[in-house]
Amino acid sequence: MESSSTPPPKFRFRDHSLMESQNSSDSTSDAVSVTHTHADLLIESITARGIKHLCDELLELKEAANEDLQRNIYAKYSTFLRVLEEAREMENELEQMENYFVSHRRRVKDLIDRIYPKILSIDITFEDHVNVVPSPPRELEALVNECLENLDIRMSENKIDEALHFLESAEEHYQSLLLQDCSHSEMMLYESAISEKKSMLIQQLAQIAENKRTAGPELQRALAKLCRLGDYQLAIDLLLKHYHLRIVTGTDNLQWAKLSSCELYIRELSRFVFSIISQAARSFVMLCGENSPCTSELMLWAYEETKSFIICFDKYIKGTSAMNGGLSSAIKAVKFAVIYCSLLENQKLVLQPYLVKHLCPCVEEILNTHIKHFKKVIAIFSVSDPWILEKYLVSGVFVVAGSSTLAVGEQHDYCLLTTSGRKVLTLLQAIIEDISPLVSLQMGSLVISGITNLFTEYIAILERALAYETSSTEQGSPRMKFAESLPQQVSILANLSTLVRFLSIMVKNIFSCTDQAELQVSENLSIVHRHQGLNDFLLFIEKASNKLRNVFCQQLILRVLCTYHRHEIFSDSHCNGQLEANTIHNPTPSGIFQVLFLELRKIEQLEEEGVFEVNWLMGLLRELMEFMFIWVSENKEILATEEENVSSQTDEAKQFLLDVQFLVEIGMYGGYFSDDPLLLLTLMKSTFNSAGLDPFKDVDEDDWAIDIATKTIQKLLEIEKASLQPEEHLVGITEESHEHENQIKQSAYGSDFSEEVDTNSSENNLDAERDEVAKHETEVTFDSKTASPDIVFSPEEGIITEGSLC
1 MESSSTPPPK FRFRDHSLME SQNSSDSTSD AVSVTHTHAD LLIESITARG IKHLCDELLE
61 LKEAANEDLQ RNIYAKYSTF LRVLEEAREM ENELEQMENY FVSHRRRVKD LIDRIYPKIL
121 SIDITFEDHV NVVPSPPREL EALVNECLEN LDIRMSENKI DEALHFLESA EEHYQSLLLQ
181 DCSHSEMMLY ESAISEKKSM LIQQLAQIAE NKRTAGPELQ RALAKLCRLG DYQLAIDLLL
241 KHYHLRIVTG TDNLQWAKLS SCELYIRELS RFVFSIISQA ARSFVMLCGE NSPCTSELML
301 WAYEETKSFI ICFDKYIKGT SAMNGGLSSA IKAVKFAVIY CSLLENQKLV LQPYLVKHLC
361 PCVEEILNTH IKHFKKVIAI FSVSDPWILE KYLVSGVFVV AGSSTLAVGE QHDYCLLTTS
421 GRKVLTLLQA IIEDISPLVS LQMGSLVISG ITNLFTEYIA ILERALAYET SSTEQGSPRM
481 KFAESLPQQV SILANLSTLV RFLSIMVKNI FSCTDQAELQ VSENLSIVHR HQGLNDFLLF
541 IEKASNKLRN VFCQQLILRV LCTYHRHEIF SDSHCNGQLE ANTIHNPTPS GIFQVLFLEL
601 RKIEQLEEEG VFEVNWLMGL LRELMEFMFI WVSENKEILA TEEENVSSQT DEAKQFLLDV
661 QFLVEIGMYG GYFSDDPLLL LTLMKSTFNS AGLDPFKDVD EDDWAIDIAT KTIQKLLEIE
721 KASLQPEEHL VGITEESHEH ENQIKQSAYG SDFSEEVDTN SSENNLDAER DEVAKHETEV
781 TFDSKTASPD IVFSPEEGII TEGSLC
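Under the UniProt record's numbering, the first residue of the sequence shown is numbered 1, with each subsequent residue one higher.
Structure representation (structure tokens):
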């Protein structure tokens, strides 16, 4: 820029010439020349600045022009690309049009070169016989060409409705031609052309239906057009395939949705799957009608989709319904599935029985998993139970106690339960509340099965507590306490009785509520089956309760036998071997039954504690007596003779008669059979029949047995009373025992037996017996100072002894 600011050379040349020409001038001329030189320099600097400013403006204009050019290029580039893309599309369309025209030209050429000569030859062959102007083949050919051309144009323009209309018109015309006198080859030509276009149109409609993005209305129209073309099977297949893909896609989306709970996931899955099935059913009816013969295909498809839903349900439920998930959530999920499935019945799709049938194994497996856990809980409840009855408010332990479920005669303010019984009752109520919806879902058998398993587990625990048995599953775990005393054992029975009563009420309640709801809707045959299952369950728990009572009776007899054998004092019939086999002195009821009487008295005295109910205790005592009669019938051996009828004059028969009569007197004294006196008579007769005795012949002269049995009961009562007063002297008891012995010797019963006994031996045995009695009385006196003993009779001799039970 500095070089450009210097003045032009011509001005520089002129300045130098002036300076050279005036070298000789005076000083004035020198001053003037200096002034002119300064002015020239000033002009030169102004010019340089102007030129520089002008150059700067030119540079700015250049930059602005460049920027404007770039902006224009960028702005027009997208338009250029779009135009280029449109040009390519136009090129593709031109290529398609070219291909179409080429194919059309090929068809026309083929028609001219191949088909037309054939038609022409046919015309030449039959022109002598046909005199029609214009000839039908030419008219048919023109018609075929026109029809095919119209179809090709409509199909290429995607005007399917118009193409379908032309095709239907062509088919109608073909049907009209069949009535005319046309050759077979011409008709075949026309038919093949129509079939070809028809198949092309069907293929195009199928592509529309198979497209995943095709909306429902458009799909329905495409399928309806397929039905108009006569391909109903393809339309049905495409319809069901479309909805199947929707179910698969929706199910996958729900799996990835990561819903918060199992219950929510199953609810959404059920709603989605069965709503899609409902939509498919509506589309099917719109397509084929309600009474279509193809309805079975829809049902088979619905079964398959329901099966897929069950597989998904089973997989998800088993993966999430662990113990922390809860049983109620799984059952609610099942309820949602069945409810949504039942809504399809309005569209004549009865899928609920199929769904319930295939869901049952899954629900049963889940329920069994929880039942196993609850069994362990029940075992834990029973470990620390002392088997002592406690009174609980019914309203506090039984939730539905305030409702009308309890009958008037069953309403009580309090109930008797042990600690474990109360906990088990609470647990059963919670479980029944959770699983009760299964009854309305036609899965009542699972409810019965689950409750039965838990009840059986608790019964087994109670049985082990009564029988002093240790379960193999208790190895390494805390052992439960056994019911060693009689009050504990009776408490177990009372606890079970209360539990059975409440459990039967709970189960009846859930079944009755379900039955009423279903009866309001329609008659359902499944109600009969549920009632049968309910009756079987009630019968089962009743049998289980009776079985435990039988265990108690067996344990009581074992304890009586243990007491009897432990405290048995041998009389002279045991010590002296010279007594004949059929000889009995001083007959008394067997010691086993005397000990039994005292045990029954102990049970009666439990009433005084104010815990046990009187009626329930009397029922238990009656069952004990019945069991004892049966036990006598099965275990008492009678030595039979060779005669046809067993003689009642043998010692064994008389002892048997006395024992049975003693049992009868016990029942009459205690009033155990006051509600049903004939039952006692029936038991006595059956016992005699079991021994081969005639209850009418052999009992006619049993006054002696009644007298002995009555006196024995009185003596036992006196001894029981004396045992409650340990500080009183036992001299009176000894005198009474001897007096009782003398009375027995003087009774008429002794005259019926042979008395071939050596006198010396009898006296020696009597002395030995008295020494033994005196010795034992000393022991009893010592024991009475420390404890209240149980007093029994020794067998066959009526000798009073005292001792403790096993």
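Yeah, the Cβ is synthetic: ideal placement off N, Cα and C, and Gly gets one too.
Contact between C262 and A333 holds, since their C-beta atoms are separated by about 6 Å, short of 8 Å. A contact between stretches requires three or more CB pairs, one per stretch, nearer than 8 Å, and the region 371 to 387 meets this requirement with the region 445 to 462. The Cβ neighbour count for D434, taken over all protein chains shown within 10 Å, is at least 16; the residue is labelled buried. DSSP, read as helix, strand or coil, puts K372 in helix. Ranked by how close their Cα comes to the Cα of I713, the residues S590, L681 and M628 have S590 in first place.
In the structure shown, Y392 falls within a strand segment according to DSSP collapsed to helix, strand and coil.
In the DSSP annotation of this structure, the continuous segment of the alpha helix (DSSP H) that includes L219 starts and ends at G216 to R228. Within the model, the alpha-carbon separation for A163 versus C362 is close to 54 Å. Taking the CA atoms as reference points, N635 sits about 33 Å from D536. Per DSSP, C415 is one residue of the beta strand (DSSP E) stretching across Y414 to L417. Remark: C-beta atoms of A494 and W387 do not approach each other more closely than 8 Å. Inclusion of L205 and I160 in the CB contact set at 8 Å is warranted, their separation being smaller than that value. The Cβ neighbour count for F80, taken over all protein chains shown within 10 Å, is under 16; the residue is labelled exposed. In this structure, L234 sits away from A302, with a CB-CB distance that is not shorter than 8 Å. Ranked by Cα distance from I202, the first of T214, C227, E191 and R213 is C227. For M684, the enclosing alpha helix (DSSP H) stretches over residues P677 to S690. Take the alpha-carbon of A330 and the one of G671: they are about 54 Å apart. Ranked by Cα distance from L441, the options M480, Q352, N99 and S497 are led by Q352. Scanning L327, C312, K307 and E290 for the CA closest to the CA of F374 turns up L327. With a 10 Å radius around the Cβ and a threshold of 16 neighbouring Cβ atoms, P293 comes out exposed. In the DSSP annotation of this structure, the continuous segment of the alpha helix (DSSP H) that includes V595 starts and ends at G591 to Q605.
Its chain contains W631 as the residues whose beta carbon lies nearer than 7 Å to that of I557, once the 5 sequence neighbours on both sides are disregarded; these appear in chain order.
L425 and I541 have their C-alpha atoms some 14 Å from each other.
When secondary structure is reduced to three states using DSSP, E613 falls in the coil class, being assigned neither helix nor strand. For C294, the secondary structure class from DSSP, reduced to helix, strand or coil, is coil.
Judged by DSSP secondary structure, M443 falls outside any alpha helix (DSSP H); it is assigned neither H nor E.
In this structure, the alpha-carbon of F272 lies about 16 Å from that of E304.
By the 16-neighbour rule on beta-carbons within 10 angstroms, C55 is exposed. For L389, same chain residues with a beta-carbon under 8 Å away, outside a window of 5 residues either side, are L416, L417, T418, S491, A494, N495, V611 and F612 in chain order. According to the DSSP assignment, I666 belongs to the alpha helix (DSSP H) that extends over D651 to G670.
For L438, same chain residues with a beta-carbon under 8 Å away, outside a window of 5 residues either side, are I331, V334, V363, G444, L446 and V447 in chain order. In the structure shown, the three-state DSSP call for W631 is helix. In the three-state reduction of the DSSP assignment, M90 falls in the helix class.
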